[in-house]
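**Q** The letter at position 295 of the sequence shown is residue 1184 when you use the numbering used here, and the numbering goes up by one with no holes. Glycine is no exception: its CB is placed at the ideal position from the N, C-alpha and C atoms. This one's a predicted model, so the numbers in the text were calculated from it and none came from an experiment.
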Amino acid sequence: MRMGFRWFGAADDPIPLAHIRQIPGVTQIVWALFDIPAGESWPTGRIAAQVAEIEAAGLRAEVVESVNVSDAIKIGQPERDRHIANYIDTIGNLSRSGVKVICYNFMPVFDWMRTDLRFRLVDGSAVLAYDSALIAPSAEEMLAQVQRGADGFLLPGWEPERLAQVRSLFEAYACVDEAKLADNFRYFIQAVMPACEEYDVRMAVHPDDPPWPIFGLPRIVRNASDLRRIEAFHDSPYNAFTLCTGSLGENPDNDVPAIIREFAGRDKAPFIHARNIKHTSPGSFHEAAHLSKEGSLDMCEIMLAVAQTSPESYVRPDHGRDIWGERGRPGYGLHDRALGIAYLNGLWEAITHG
Ligand code: DNO
890 MRMGFRWFGA ADDPIPLAHI RQIPGVTQIV WALFDIPAGE SWPTGRIAAQ VAEIEAAGLR
950 AEVVESVNVS DAIKIGQPER DRHIANYIDT IGNLSRSGVK VICYNFMPVF DWMRTDLRFR
1010 LVDGSAVLAY DSALIAPSAE EMLAQVQRGA DGFLLPGWEP ERLAQVRSLF EAYACVDEAK
1070 LADNFRYFIQ AVMPACEEYD VRMAVHPDDP PWPIFGLPRI VRNASDLRRI EAFHDSPYNA
1130 FTLCTGSLGE NPDNDVPAII REFAGRDKAP FIHARNIKHT SPGSFHEAAH LSKEGSLDMC
1190 EIMLAVAQTS PESYVRPDHG RDIWGERGRP GYGLHDRALG IAYLNGLWEA ITHG
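1) Opposite Trp920 in the DSSP bridges: which residues?
2) Taking the straight line between their C-alpha atoms, what separation do you get for Ala1197 and Ala946?
3) Can you tell me where the alpha helix (DSSP H) holding Glu1030 begins and where it ends?
4) Which residues share a DSSP beta bridge with Pro1206?
5) Using only the alpha-carbon positions, how far apart do Trp896 and Gly914 sit?
6) Rank Gly965, Asp1187, Gly1243, Pro1206 by C-alpha distance to the C-alpha of Glu1067 and give the top, closest one.
7) Check this for me: beta carbons of Tyr993 and Val940, under 7 Å apart or not?
8) If we ignore side chains and look at the alpha-carbon of each, how far apart do Tyr1127 and Ala907 end up?
9) If you measure from the CB of Gly1046, is any heavy atom of the ligand DNO nearer than 6 Å?
10) Run the proximity test for Ser955: is its beta-carbon closer than 6 Å to any non-hydrogen atom belonging to the ligand DNO?
11) Return the first residue and the last residue of the beta strand (DSSP E) that Phe1104 is part of.
12) Whole-angstrom Cβ separation of Lys963 and Phe995, contact assumed at under 8 Å?
13) Note down the Cα distance separating Pro1206 from Asp1089, rounded to an integer number of angstroms.
14) Can you tell me where the beta strand (DSSP E) holding Asn1128 begins and where it ends?
15) What did DSSP end up calling Val998 once you bin it into helix, strand or coil?
16) Note down the Cα distance separating Asp960 from Gly1046, rounded to an integer number of angstroms.
17) What is the rounded straight-line gap between the Cα of Asp1142 and the Cα of Ala927?
18) I want to check one thing, is the minimum distance from the CB of Tyr993 to the heavy atoms of the ligand DNO below 6 Å?
19) Check whether the stretch 1151–1161 and the stretch 1115–1133 touch, using three or more Cβ-Cβ pairs below 8 Å as the test.
20) To the nearest angstrom, how far is the alpha carbon of Thr1169 from that of His1175?
21) Grab the span of the beta strand (DSSP E) containing Phe894 for me, first residue to last.
22) Tell me the DSSP secondary structure of Phe1152 in three-state form.
23) Write down the C-beta distance between Met1192 and Trp1237 rounded to the nearest angstrom, noting that I regard them as a contact closer than 8 Å.
24) Which ranges does the alpha helix (DSSP H) cover as unbroken runs of at least 4 residues, wholly within the stretch 1043–1077, from first to last along the chain?
25) Which residues in the same chain as Ser930 place their Cβ atom closer than 6 Å to its Cβ, once the five residues preceding and following it in sequence are excluded?
26) So the beta strand (DSSP E) Glu1201 belongs to, where does it begin and stop?
27) Nearest-angstrom Cα distance between Gly1222 and Pro1159?
28) Please determine, among Pro905, Glu954, Gly981, the residue with the shortest C-alpha to C-alpha distance to Pro932.
29) For the candidate residues Ser1173, Ile1103, Leu1006, whose alpha-carbon lies nearest to that of Phe1042?
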């Protein structure tokens, strides 16, 4: 296991690299150039500067989350070929700075979705939560609700410029059903794979979060059979998955350790997001501390599956709670993610010890 920590850059993340460096076992920073719009190419100089800053702190920068896929690619609009050429350019540029894995998603309009970014648990900590009864009646209201909860932090996947056009985005997706989205996904994967193979950079798609359709938008990365369909677009270790235990686990029908065993067993899981969630009622959940008994997922079984099938995978704790007075970027504070890492390290040591 190569343990990582997601970081939003010195200008935009209150957590200094020097603090991350002090979390035992962390060797990787999971990073991105958040200001570059989807569809544009990431310049070599910017990449090299960011990697140099991370390496100067004694950490490595082998995983990027995310190089976002543009809506034109997801919808299949004419500009998609130019955007794909830029994506290929970015893959080459990242490889020259030692990047090995690119995490991305193929969700229309919204990346992850929650109804509450600071849901209070009984212990006084705050977590992200999704209550199907609290989904706003329109996408615009939902957007406003999430942005109000962000406390001024830029939320990953919620780029304000793009979402300012949410109505026209919805119109553009009107002709995109599941089959069309899957066709566009296949087109994208088949176009970028030669570059991934040439440059030794693995694409790792993140599951839909939550793994069901929202606001009538199609979702096609929800469960094992969806992953098998994506795998068949191009069967290679370069066409792979970010197995996010929380996102997959939000649907109780998904057997997360079995999904890890299946896909990591075929060398298709270079990156794992380890997160616990608690189911509250059908279609609703809140996030939880990583400890198994705080949520609905068996984190020991999950780490055992990783250890037995892909012990070299990059792993990061996923969202943490706000604890000890910290009010961080929702899901991305320091303290609880560090606690999560300590716990995951403990499980790992016990599992892999002699
Ligand atoms: C949320 C993250 C997602 C993830 C993207 C990958 O906290 O898990 O935003 O980074 O879906 O592209």
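**A** On the basis of the coordinates in this document:
1) Translated into positions along the sequence shown, residue 920 becomes position 31. For Trp920, which the question treats as bridged, DSSP gives the partners Val953.
2) As a first step, residue 1197 is located in the sequence shown; it is residue number 308 there, counting from the start. As a first step, residue 946 is located in the sequence shown; it is residue number 57 there, counting from the start. The residue asked about is misnamed: residue 1197 is Gln in this sequence, not Ala. Straight-line Cα distance between these residues: approximately 31 Å.
3) By 1-based counting over the sequence shown, the position of residue 1030 is 141. Start and end: 1028–1038.
4) Residue 1206 sits at position 317 when you count from the first residue of the sequence shown. For Pro1206, which the question treats as bridged, DSSP gives the partners Ala1163.
5) The sequence position of residue 896 within the sequence shown is 7, counting from 1. The sequence position of residue 914 within the sequence shown is 25, counting from 1. Cα to Cα, Trp896 sits roughly 16 Å from Gly914.
6) Counted from its first residue, the sequence shown places residue 1067 at position 178. The shortest C-alpha separation from Glu1067 is found at Gly965.
7) Stepping through the sequence shown from its first residue, residue 993 is reached at position 104. Stepping through the sequence shown from its first residue, residue 940 is reached at position 51. Cβ atoms of Tyr993 and Val940: not closer than 7 Å.
8) Along the sequence shown, read from residue 1 onward, the residue named residue 1127 stands at position 238. Along the sequence shown, read from residue 1 onward, the residue named residue 907 stands at position 18. Tyr1127 and Ala907: Cα-Cα distance of roughly 32 Å.
9) To locate residue 1046, count along the sequence shown from 1; it is residue 157. It does: the Cβ of Gly1046 is within 6 Å (strictly closer) of some heavy atom of the ligand DNO.
10) Numbered from 1 along the sequence shown, position 66 holds the residue referred to as residue 955. Result yes, Cβ under 6 Å from the ligand DNO.
11) The count along the sequence shown starts at 1 and reaches residue 1104 at position 215. It is not in any beta strand (DSSP E) - Phe1104 carries neither H nor E in the DSSP assignment.
12) Position 74 of the sequence shown, counted from the start, is the residue given in the question as residue 963. Position 106 of the sequence shown, counted from the start, is the residue given in the question as residue 995. That pair is a contact at about 6 Å.
13) Residue 1206 sits at position 317 when you count from the first residue of the sequence shown. Residue 1089 sits at position 200 when you count from the first residue of the sequence shown. Approximately 25 Å, taken between the alpha carbons.
14) By 1-based counting over the sequence shown, the position of residue 1128 is 239. Its beta strand (DSSP E) spans residues 1128–1133.
15) As a working mapping, residue 998 is identified with position 109 in the sequence shown. Here Val998 sits in coil by DSSP.
16) Counting from 1 along the sequence shown, the entry for residue 960 is found at position 71. Counting from 1 along the sequence shown, the entry for residue 1046 is found at position 157. Their Cα atoms are separated by approximately 12 Å.
17) Residue 1142 sits at position 253 when you count from the first residue of the sequence shown. Residue 927 sits at position 38 when you count from the first residue of the sequence shown. One alpha carbon belongs to Asp1142, the other to Ala927, and they sit about 33 Å apart.
18) If you number the sequence shown from 1, residue 993 lands on position 104. Yes, since a heavy atom of the ligand DNO falls inside the 6 Å radius drawn around the Cβ of Tyr993.
19) Yes, they touch.
20) In the sequence shown, residue 1169 corresponds to position 280, counting from 1. In the sequence shown, residue 1175 corresponds to position 286, counting from 1. Spanning the two alpha carbons is a distance of roughly 7 Å.
21) The residue labelled residue 894 in the question sits at position 5 within the sequence shown. Counting along the chain, the beta strand (DSSP E) containing Phe894 begins and ends at 891–895.
22) Indexing the sequence shown from 1 puts residue 1152 at position 263. The answer is helix: DSSP assigns Phe1152 an H, G or I state.
23) As a working note, residue 1192 is residue 303 in the sequence shown. As a working note, residue 1237 is residue 348 in the sequence shown. Right, the Cβ-Cβ distance comes to about 6 Å (below 8 Å), so this counts as a contact.
24) 1049–1052, 1055–1061
25) For the purposes of this step, residue 930 is taken as residue 41 along the sequence shown, with counting starting at 1. Excluding residues within five positions, the ones whose Cβ falls inside 6 Å are Asn975, Asp978, Thr979.
26) By 1-based counting over the sequence shown, the position of residue 1201 is 312. Note, Glu1201: premise wrong, no beta strand (DSSP E); not H, not E.
27) On the sequence shown, position 333 is the one that residue 1222 refers to. On the sequence shown, position 270 is the one that residue 1159 refers to. Gly1222 and Pro1159: Cα-Cα distance of roughly 24 Å.
28) To locate residue 932, count along the sequence shown from 1; it is residue 43. Of the candidates Pro905, Glu954, Gly981, the residue whose Cα lies closest to the Cα of Pro932 is Gly981.
29) What you label residue 1042 is simply residue 153 of the sequence shown in a count that begins at 1. Looking at Ser1173, Ile1103, Leu1006, the one whose alpha-carbon comes closest to that of Phe1042 is Leu1006.
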